[in-house]
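So the structure is just underneath, and the comments pick up after that.
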Amino acid sequence: MWVSFGSTAVEIVGMPEAQIPLAEAAIYLATAPKSNSTYKAIGKATNEVEKHGPQPVPMHLKDASYKVRNGFGYLYPHDFPEHFVEQAYLPPTVQRLPFYEPTDQGFEPIVKERVKRRERR
8 MWVSFGSTAV EIVGMPEAQI PLAEAAIYLA TAPKSNSTYK AIGKATNEVE
58 KHGPQPVPMH LKDASYKVRN GFGYLYPHDF PEHFVEQAYL PPTVQRLPFY
108 EPTDQGFEPI VKERVKRRER R
């Protein structure tokens, strides 16, 4: 996002004026809290697929417009408190595997607490 803002500034105002938003974007990114938990999650998910192959998408998540029963039973999260509803988004074989494990860096403690709160439901 910040890189996009910087490049947009170059396109709109041009140089040398765009040096300031580019520098602000660079400083923000250089000083922002860092975490590799997303990187690790992608690696875990990729390893799981390589190990066990692709798994079927749960029926309620499939496009309901072209096959009978696809999409049946889907619960729209935005109709529920906190826009969360307990339903399977992954195949049963991997539903409880901890792909993403938030750290204590940056915004992740808030994400970690949100995940814990939802697991307690």
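For any residue, its number in my numbering is found by taking its place in the sequence shown, counting from 1, and adding 7. In this text, a Cβ means the ideal position worked out from N, Cα and C, and glycines have one as well.
{"Query": "With 16 other Cβ atoms within 10 Å as the buried cut-off, status of P105", "Result": "exposed"}
{"Query": "Inter-residue CB distance, S6 and P109 (contact presumed, cutoff 8 Å)", "Result": "Residue 6 lies beyond the residue range present for the chain, which begins at 8 and ends at 128; the question has no answer from this structure."}
{"Query": "Residue nearest to G113 in terms of C-alpha spacing, selected from T38, V20 and I27", "Result": "T38"}
{"Query": "Cut-off 6 Å between Cβ atoms - residues of its own chain near Q94, not counting five sequence neighbours on either side", "Result": "L82"}
{"Query": "Check: H90 C-beta below 7 Å from any heavy atom of the ligand ADP", "Result": "Of the ligands one can find in the structure shown there are none, so the ligand ADP has no counterpart to examine."}
{"Query": "Contact between the stretch 20–36 and the stretch 62–71 (3+ Cβ pairs under 8 Å)", "Result": "no"}
{"Query": "Inter-residue Cα distance where the pair is H90 and Y96", "Result": "14 Å"}
{"Query": "Opening and closing residue of the alpha helix (DSSP H) in which P116 lies", "Result": "E115 to R127"}
{"Query": "Nearest-angstrom Cα separation, counted from D111 out to K47", "Result": "15 Å"}
{"Query": "Alpha carbon of V20 to alpha carbon of G60, nearest angstrom", "Result": "49 Å"}
{"Query": "Of the listed residues Y107, V92 and R121, nearest to G4 (C-alpha basis)", "Result": "Residue 4 cannot be examined here, being either before or after the span of the chain that is shown, 8 to 128."}
{"Query": "Outcome for G80 when other beta-carbon atoms lying within 10 angstroms are tallied against a minimum of 16", "Result": "exposed"}
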